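Visitor: Please find one structure pasted underneath; my questions will follow.
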Amino acid sequence: MTSSYRIGLVGKPSVGKSSFFNAATMNDVPEGAYPFTTIDPSVGEAYVRVECAAPEFDEECTPNVGYCEHGTRFVPTKLVDVAGLIPGAHEGKGLGNQFLTDLNETDVLVHVVDFSGETNLEGEPTEGHDPREDIDFLETELDQWYLGVLEKGINRYSSGYVTEDDAIEEDLAEQMSAFKTNEDELKLLIRRVDIGFDPEEWDDEDKLELAREIRKATKPMVIAANKMDTPAAQANYDEITSDPEYEDLTIVPCSAHAEKALKSADKAGVVEYQPGDDDFEITGDISESQEEGLEQIRDFLQSYGATGVQAALETALFDVLGVTPVFPGGANGLGNERGEVLPDCFLIPPESTAEDFAYSLHSDIGDGFLYAIDCRSNRQLGKDYPVESRDVIEIVTTN
Ligand SMILES: Nc1nc2c(ncn2[C@@H]2O[C@H](COP(=O)(O)OP(=O)(O)OP(=O)(O)O)[C@@H](O)[C@H]2O)c(=O)[nH]1
Ligand SMILES: [Mg+2]
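Next comes the structure, spelled out in structure tokens:
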């Protein structure tokens with residue numbers, strides 16, 4: 249069993265995708281104030297926080313992967329930094345649509361937006377640019393990309409080699425398989441858009457609306473309002489979060505710079521900072537100017553609750569995608585035969601049942617599933633039990 253969720257960072261050039269990536273993963277990919285600094289995508293390991301269950305059992309955990317600090321598990325997940333997208337990317341503008349396919353590998357997107365308004369749609373320096381344009385353009389760009397693939401699926405349907413009882417969702421599912429969708433989901437989405445099941449009847453608007461629904465379903469998105477350490481970004485943030493047209497969006501205020509600075513200072517032994525926290529402690533000898541910089545960051549944390557890098561990743565995975573963290577445990581003590589305590593914290597798909605969880609551990613465990621045990625209450629759970637966040641569960645099998 250692997251926690252193989254991938255979070256993709258998208259956005260126009262120069263918004264701080266690579267800076268966010270470096271801050272989250274402590275990598276060192278190039279960052280630059282010029283468009284298309286990044287060309288090839290980088291994949292790194294970031295962490296999402298889960299409150300550890302071991303203290304509730306008066307135990308100390310021994311994680312297999314990631315780490316645990318002050319009762320917080322840092323569970324690894326994959327983060328992908330891709331090249332910047334500009335308007336027309338779906339037609340090959342900028343670096344073209346080749347890297348749009350990099351996004352296929354991701355489960356959820358963090359749209360990094362330069363809230364300072366100091367870069368235009370191409371990622372070049374400007375002033376007073378409205379970040380709402382960036383939010384709109386990215387959605388449009390992704391929709392157009394989906395529409396292109398959708399139209400191929402419709403052509404496949406109309407091209408005659410389909411048999412008579414063939415349904416449109418079958419051909420679409422095949423054509424759009426890279427988007428990790430399937431017939432059932434497509435059927436549901438076509439129904440939701442309410443355009444009927446005969447593609448001959450669909451006009452351009454119907455198709456675009458369907459493409460948009462498929463995009464929303466298969467690429468859920470969080471907006472990281474980046475560069476919030478600048479006054480211009482803070483003003484834009486206030487304006488956009490109170491704009492009713494944008495109230496359906498999930499926007500997380502963020503400063504990749506602040507996160508990187510704190511993590512680097514922690515590494516250097518100058519401060520004690522736990523990623524995602526709302527404060528830090530200065531523990532080393534520092535110059536006056538360093539102290540001034542750190543105090544500015546502290547003010548930022550006080551205003552926004554955190555640097556926002558952790559929050560954006562966790563909102564994407566837990567709130568928007570609905571992934572559930574679960575600890576495999578034992579009803580008679582949490583340790584396994586090797587003396588490890590709660591070694592794993594798995595991230596499982598939304599709405600998983602106890603049986604799904606068993607199968608995600610191993611097909612043999614799923615096949616032999618008898619019942620599960622909630623290790624906190626020692627209550628027996630049936631196969632249809634919906635697994636909840638931070639459950640500690642033992643699976644009892646026939647073998
Ligand atoms: N003030 C401020 N500037 C930032 C922040 N994050 C990134 N920047 C700056 O924004 C510029 C672009 O950063 P990158 O990380 O290279 O942006 P990118 O989105 O990866 O750009 P491309 O690879 O060209 O698509 C750099 O000059 C960064 O220093 C932030 O949190 N605050
Ligand atoms: Mg970059």
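Mind the numbering: the sequence shown is residues 249 to 647 in our numbering, read in order.
Don't be surprised by glycine CBs; every beta carbon is placed ideally from N, CA and C.
The model shown is predicted, which means the values in this text are computed figures rather than measured ones.
#1: Round the Cβ separation of Lys386 and Arg463 to the nearest angstrom and send it over; I've been treating them as touching at under 8 Å.
#2: Compare the beta carbon distance of Leu609 and Pro576 with 8 Å and say whether it is the shorter of the two.
#3: Under 7 Å from any heavy atom of ligand 2, does the C-beta of Thr285 make it?
#4: Going by beta carbon distance, what residues of the same chain come within less than 6 Å of Val644, once the five residues before and after it are set aside?
#5: Strictly by DSSP, which residues pair up with Met469?
#6: Go through its chain and collect everything with a Cβ distance to Gly570's Cβ below 6 Å, but skip five positions before and after it.
#7: Report yes or no: do the segment 492-505 and the segment 548-567 share at least 3 C-beta pairs separated by less than 8 Å?
#8: Rounded to a whole number of angstroms, what is the C-alpha to C-alpha distance between Met249 and Gly292?
#9: Please determine, among Asn626, Tyr253, Asp622 and Glu603, the residue with the shortest C-alpha to C-alpha distance to Asp615.
#10: Look at the alpha carbon of Asn484 and the alpha carbon of Asp622, and state the distance between them as a whole number of angstroms.
#11: Lys265: buried (16+ other C-beta within 10 angstroms of its C-beta) or exposed?
#12: Run the proximity test for Asn352: is its beta-carbon closer than 7 Å to any non-hydrogen atom belonging to ligand 1?
#13: What span of residues does the beta strand (DSSP E) with Lys326 cover, start to end?
#14: Within 7 Å: the Cβ of Lys265 and any heavy atom of ligand 2?
#15: Quick one: what's Ala620 bridged to in DSSP?
#16: Mind checking whether the beta-carbon of Ala281 lies closer than 7 Å to any heavy atom of ligand 1?
#17: Using three-state DSSP, classify Arg190 as helix, strand or coil.
#18: Mind the definition here: the segment 370-380 touches the segment 439-459 only if three or more C-beta pairs lie below 8 Å; say whether that holds.
#19: Could you check whether the Cβ of Asp382 sits closer than 7 Å to any heavy atom belonging to ligand 2?
#20: Does ligand 2 have even one heavy atom less than 7 Å from the beta-carbon of Asp452?
#21: Report the residue ranges of all alpha helix (DSSP H) runs contained in full by the segment 480-568; include only those spanning at least 4 residues, in chain order.
Guide: With the given structure in hand:
#1: In the sequence under discussion, the amino acid at residue 386 is Leu, which differs from the Lys named in the question. The Cβ separation is near 11 Å, so there is no contact.
#2: It is a contact, given that the beta carbons lie within the stated cut-off.
#3: Ligand 2 approaches Thr285 closely enough that one of its heavy atoms is under 7 Å from the residue's Cβ.
#4: Exclusion of the five residues before and after Val644 leaves Leu618 and Tyr619 as the residues of its chain whose Cβ lies within less than 6 Å of its Cβ.
#5: Bridge partners of Met469: Leu357.
#6: Excluding residues within five positions, the ones whose Cβ falls inside 6 Å are Pro598.
#7: They touch, by the three-pair rule.
#8: Residue placement at Met249 is flagged as unreliable, the pLDDT there being 48, under the threshold of 50; a coordinate-derived value is accordingly withheld.
#9: Ranking the options by Cα distance to Asp615, first place goes to Glu603.
#10: Approximately 47 Å, taken between the alpha carbons.
#11: Lys265 counts as buried, since at least 16 other C-beta atoms from the protein chains shown sit within 10 angstroms of its C-beta.
#12: No, since every heavy atom of ligand 1 falls outside the 7 Å radius drawn around the Cβ of Asn352.
#13: Thr320 to Asp329 is the span of the beta strand (DSSP E), which, as asked, contains Lys326.
#14: Flag set: Cβ of Lys265 near ligand 2.
#15: According to the DSSP secondary-structure assignment, Ala620 is paired through a beta bridge with Leu629 and Ile643.
#16: Remark: the shortest separation between the CB of Ala281 and any heavy atom of ligand 1 falls under 7 Å.
#17: Lying before the first or after the last residue shown, residue 190 is absent from the chain, which here runs from 249 to 647.
#18: The segment 370-380 vs the segment 439-459: no contact.
#19: Flag unset: Cβ of Asp382 not near ligand 2.
#20: Asp452 Cβ: outside cutoff for every heavy atom of ligand 2.
#21: Entirely contained in the segment 480-568, the alpha helix (DSSP H) runs reaching 4 residues are, in chain order, 504-515, 536-552 and 557-562.
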